[in-house]
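Its first residue numbered 17, the sequence shown is counted upward by one per residue in our numbering. Every residue gets a Cβ at the ideal spot worked out from N, C-alpha and C, and that includes glycine. Just so it is clear, the structure is predicted and the values come from calculations on it, not from any experiment.
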Amino acid sequence: MTSHREPVDSVLDTVGETPLVSVHAAPADVPIYAKLESFNPGASVKDRIGQYMLEAMLDRGDVEPGGTVVEPTAGNTGIGFAIAAGRLGLDAVFVVPERFSLEKQQLMDALGATVINTPTDDGMDGAIQRAHELAEEFDNAVVPQQFSNPLNVEAHRKTTGPEILDALDGEVGAIVAGCGTAGTLMGITKAVRDRVPDVHVVAVEPEGSTFGTLFGRNSEEGEYKTEGIGTHDADTNELFDPTLVDELVAIDDREIHAEMRRLATEEGHLVASSAAANSLAAQQVAGEIERGSVDAPHDTVVTVFPDSSERYLSKGVYRSFEAWDG
Ligand code: PMP
């Protein structure tokens with residue numbers, strides 16, 4: 017747990033306790049608050065699971081000190097795991113589909129991890145399979161598997177959720193968050209539902225993602241540029257529990273791109289595409305609460321800004337939509 021007032025011993029002591037900041041594009045009577053996860057030492061929400069999951073796995077003996085963590089990751093999880101692994105005496109190997117940002121891959125390397133690329137066409141599934149093959153080659157290796165490991169959800173249930181409840185004194189009307197593994201949304205939801213049972217829960221995905229299949233919909237699959245959220249095969253996202261979700265909102269890449277720039281220009285938020293998707297979905301839900309078409313227990317909406325746009329400058333996030341190489 018971080019302290020911003022006293023010296024601390026390790027970067028791991030600075031994970032969590034991130035600021036909760038108003039999004040000014042909210043309707044007048046329904047404030048939106050965003051948890052700014054780029055304040056973590058590895059500059060993303062995934063530092064939380066890096067620390068929480070590795071400490072728990074060492075505690076219960078899934079891996080011994082001196083062992084190796086092997087994980088398929090889009091990047092932020094790798095950075096979070098690499099920071100924690102180094103501090104906890106573990107080596108780290110990450111399997112990353114080629115399409116993900118170079119900044120992330122360079123940061124994992126700088127943190128002392130080994131990065132192995134898999135073809136973009138093989139998707140996250142290909143990376144998962146390769147990670148398990150690699151783990152077989154080491155003694156004392158573990159694949160935390162953020163896509164199926166309940167510790168991912170628990171990290172947010174124990175940290176992100178309680179921080180939000182504390183900051184708002186329990187007055188959480190709706191939770192809106194984009195889903196990759198869905199650990200963030202599920203964990204926050206479980207923590208908040210303990211205190212606010214009828215909180216309105218909204219999952220966010222880019223258009224082209226197919227979480228809708230989990231709700232019996234015929235989701236039309238397509239490519240999207242937004243990074244870190246969405247799925248092409250919802251069976252991979254084992255932590256996504258549709259029974260905890262009231263609404264699934266899909267946002268178009270073009271709108272996400274414009275919102276990224278608006279958040280920077282108008283609100284001073286240097287946040288990436290998944291944050292922009294969350295911001296738009298949160299504005300939509302806040303509007304629904306204001307109009308009375310959604311009955312939320314409080315007139316507030318909470319969302320997450322998972323990471324910073326700086327991590328994607330090489331992909332041209334602030335250039336024209338066409339020049340944004342998602
Ligand atoms: N945004 C970004 C930038 C991410 O890297 C991730 C993790 N893939 C998410 C959002 C979604 O978080 P979660 O995996 O907890 O659903």
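At a threshold of 7 Å, does N56 count as lining the ligand PMP (C-beta to nearest heavy atom)? no
State the DSSP-derived secondary structure class of E223, mapped to helix, strand or coil. Reduced to three states, the DSSP call for E223 is strand.
From this set, T316, D257 and K241, which residue's C-alpha is nearest A288's C-alpha? K241
Judging by CA-CA distance, which residue of L279, Q162, G128 and E338 is the nearest neighbour of G196? Ranking the options by Cα distance to G196, first place goes to Q162.
Taking 7 Å as the cut-off, is the CB of G199 close to at least one heavy atom of the ligand PMP? yes
Could you tell me the distance, in whole angstroms, from the CA atom of T6 to the CA atom of E33? The requested residue 6 is not part of the displayed model; the chain covers only 17 to 342.
In whole angstroms, give me the CA-to-CA distance for P222 and V159. Taking the straight line joining both Cα atoms gives about 28 Å.
For K51, which three-state DSSP category applies? Here K51 sits in strand by DSSP.
Does the stretch 47 to 64 come within contact of the stretch 164 to 183, defined as at least 3 CB pairs closer than 8 Å? yes
Where does N133 fall in DSSP's three states? strand
Distance between V31 and G94 (C-alpha atoms, nearest Å): Straight-line Cα distance between these residues: approximately 15 Å.
From L296 to F110, what distance separates their C-alpha atoms? 32 Å
Between the stretch 321 to 328 and the stretch 224 to 235, do at least 3 Cβ pairs fall closer than 8 Å? no
Alpha carbon to alpha carbon, how far is D125 from F337? Distance between the alpha carbons of D125 and F337 is about 30 Å.
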